[in-house]
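> Submitted below is the structure of interest, expressed as structure tokens.
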Amino acid sequence: MGRPPCCDKANVKKGPWTAEEDAKLLAYTSTHGTGNWTSVPQRAGRLKRCGKSCRLRYTNYLRPNLKHENFTQEEEELIVTLHAMLGSRWSLIANQLPGRTDNDVKNYWNTKLSKKLRQRGIDPITHRPIADLMQSIGTLAIRPPPAAGAAPPPCLPVFHDAPYFAALQQQQVVTHVDADAPASPDSQHLQLNWSDFLADDAAGHGADAPAPQAALGQYQEGSAPAATAVVGGGRAFGDVDGASAGVGDGTDDGAGAASAFIDAILDCDKEMGVDQLIAEMLADPAYYGGGGGSFSSELGWGC
DNA sequence: AAATCGGGCAACCGCGCGCAG
DNA sequence: CCTGCGCGCGGTTGCCCGATT
Numbered sequence: 001m002g003r004p005p006c007c008d009k010a011n012v013k014k015g016p017w018t019a020e021e022d023a024k025l026l027a028y029t030s031t032h033g034t035g036n037w038t039s040v041p042q043r044a045g046r047l048k049r050c051g052k053s054c055r056l057r058y059t060n061y062l063r064p065n066l067k068h069e070n071f072t073q074e075e076e077e078l079i080v081t082l083h084a085m086l087g088s089r090w091s092l093i094a095n096q097l098p099g100r101t102d103n104d105v106k107n108y109w110n111t112k113l114s115k116k117l118r119q120r121g122i123d124p125i126t127h128r129p130i131a132d133l134m135q136s137i138g139t140l141a142i143r144p145p146p147a148a149g150a151a152p153p154p155c156l157p158v159f160h161d162a163p164y165f166a167a168l169q170q171q172q173v174v175t176h177v178d179a180d181a182p183a184s185p186d187s188q189h190l191q192l193n194w195s196d197f198l199a200d201d202a203a204g205h206g207a208d209a210p211a212p213q214a215a216l217g218q219y220q221e222g223s224a225p226a227a228t229a230v231v232g233g234g235r236a237f238g239d240v241d242g243a244s245a246g247v248g249d250g251t252d253d254g255a256g257a258a259s260a261f262i263d264a265i266l267d268c269d270k271e272m273g274v275d276q277l278i279a280e281m282l283a284d285p286a287y288y289g290g291g292g293g294s295f296s297s298e299l300g301w302g303c
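So the first sequence is residues 1 to 303, counted in UniProt numbering.
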């Protein structure tokens, strides 16, 4: 029944790779390619490594055309922008950064960019000013308790609560941070409204931020199921609790908007490829600033 | 000069999905 | 149809090294 085990787990080496192991793996992949990783350890000179470990080592370190130098200012901006759009989908973000791996991007975000955002008073998970976030949570906290005999509150009352999404719609998502600006939530960051991702609002907001609605709205209209209770609905906000339950009963506009946003992204993956979509969005100067470096000059990123 | 601390990064872990057997 | 592996992915851990005391 099924396939045989991929490797003898009791006889595989763990820990840092040696130069000799790297050389064996590189020699093999350069002549045979990277298909069927389970057979690579044996074929590449009896490496005592699991095929999975070989794949990781190759994709994160040995693969040709990888960049090993520091991230550039443009790359930083792109990561922040894409994280605001996609959340922690590192592989998709890395696809937009030639020569960078998802592990590179993830590490850079966790060690540098998230801290930089926090220092500027911006929540790196929601990309919203922290002050606004606290205000929203505070507003929700003073809601009256449920009536006696009423159903117990949902397990995730804050980030998956319909009023929270409704409040969130009124808030703004910060996709860029000015490295030297004072840490003020009112600073002049480029911002997106969650309502920008509502299909119903697409026409009305076209002049403000045309690219995201134009790209995502078509999927909502054409294929995204309406207001489904998507597991990972919180992903749009960075998967806050990691236990992503549904976003409610699906009847709330705010929850539906968040779900539709995620659905739109997933449908993009399936129907046209997310790379193409992101490329279109980023190519629009009104959204990302194109290659003109407008954000760098206007916002003083990293200056 | 030695000890401690903290940041950065490579690698591992565990999960979900698709598919081979 | 069922089982379990291959693969890809995101989250987490642990080690190394430079900075600080």
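All C-beta atoms, glycine included, are put in the ideal place defined by N, C-alpha and C.
1. Per DSSP, residue 122 forms a beta bridge with which residues?
2. How many Å lie between residue 72 and residue 49 at the Cα?
3. Check the C-beta distance from residue 76 over to residue 113 and give it rounded, since I have them as a contact under 8 angstroms.
4. When you compare each of 23, 26, 52 to residue 37 by their alpha carbons, which one comes out closest?
5. Which residue comes first and which comes last in the alpha helix (DSSP H) that contains residue 43?
6. Since I believe residue 80 is in contact with residue 94 (beta carbons under 8 angstroms), could you give me their beta-carbon distance rounded to a whole number of angstroms?
7. Can residue 29 and residue 61 be called in contact, C-beta distance under 8 angstroms?
8. Can you grab the Cα-Cα spacing for the pair residue 35 / residue 90, in whole Å?
9. Does DSSP put residue 12 in a helix, a strand or coil?
10. Over the uninterrupted alpha helix (DSSP H) stretch that includes residue 76, give me the two end residues.
11. Taking 7 angstroms as the limit between beta carbons, can you name the residues of its chain near residue 103, skipping five residues before and five after?
12. Excluding sequence positions up to five away, which residues of its chain have a Cβ less than 6 angstroms from the Cβ of residue 40?
13. Could you check where the alpha helix (DSSP H) with residue 106 kicks off and where it finishes?
14. Could you give the distance in angstroms between the alpha-carbon of residue 130 and the alpha-carbon of residue 123?
15. From which residue to which residue does the alpha helix (DSSP H) around residue 57 run?
16. Taking C-alpha atoms, which residue in 136, 27, 137 lies nearest to residue 47?
17. Classify residue 85 as buried or exposed, calling it buried when 16 or more other Cβ atoms lie within 10 Å of its own Cβ.
18. From the DSSP output, in three-state form, read off residue 21 for me.
19. With DSSP collapsed to three states, give me the class of residue 67.
20. With distances taken Cα to Cα, identify the nearest neighbour of residue 56 among 98, 69, 16, 43.
21. Which same chain residues end up closer than 7 angstroms to residue 78 when comparing Cβ atoms and leaving out the 5 residues on each side of it in sequence?
22. From the DSSP output, in three-state form, read off residue 34 for me.
23. Note down the Cα distance separating residue 25 from residue 119, rounded to an integer number of angstroms.
24. Just to check my reading of the structure: residue 67 and residue 45 have Cβ atoms closer than 8 angstroms, yes? What is that Cβ distance to the nearest angstrom?
25. Under 6 angstroms Cβ to Cβ from residue 108, same chain only, skipping five residues before and after it: list those, please.
26. Of the residues 132, 42, 31, which one's Cα is nearest the Cα of residue 12?
27. Does DSSP put residue 135 in a helix, a strand or coil?
28. Grouping DSSP H, G and I as helix and E and B as strand, with all else coil, what is residue 115?
29. From residue 63 to residue 31, what distance separates their C-alpha atoms?
30. Report back the beta-carbon spacing between residue 126 and residue 133 to the nearest angstrom; my notes put them in contact at under 8 angstroms.
31. What separation, rounded to the nearest whole angstrom, lies between the Cα atoms of residue 101 and residue 65?
According to the structure data:
1. 129
2. 34 angstroms
3. 6 angstroms
4. Here the closest residue by C-alpha is 52.
5. The continuous alpha helix (DSSP H) containing residue 43 extends over residues 40-43.
6. The C-beta separation of residue 94 from residue 80 comes to about 14 angstroms, leaving the pair out of contact by the 8 angstroms criterion.
7. For residue 29 and residue 61, no; Cβs fall outside 8 angstroms.
8. 23 angstroms
9. coil
10. 73-86
11. 60
12. 51, 54
13. 102-108
14. In this structure, the straight-line span from the alpha carbon of residue 130 to that of residue 123 is close to 5 angstroms.
15. Annotation: the continuous alpha helix (DSSP H) that includes residue 57 extends over 51-57.
16. The shortest C-alpha separation from residue 47 is found at 27.
17. When all chains shown are included, residue 85 counts as buried.
18. helix
19. Residue 67: coil per DSSP, three-state reduction.
20. The shortest Cα separation from residue 56 among 98, 69, 16, 43 belongs to 16.
21. 96, 97
22. Secondary structure at residue 34: coil, using DSSP grouped into helix, strand and coil.
23. About 42 angstroms.
24. In fact, because the Cβ distance is near 28 angstroms, the residues do not count as touching under 8 angstroms.
25. 71
26. The shortest Cα separation from residue 12 among 132, 42, 31 belongs to 42.
27. helix
28. Three-state result, residue 115: helix.
29. 13 angstroms
30. About 6 angstroms separates the Cβ atoms of residue 126 and residue 133, confirming a contact at the 8 angstroms cut-off.
31. 11 angstroms
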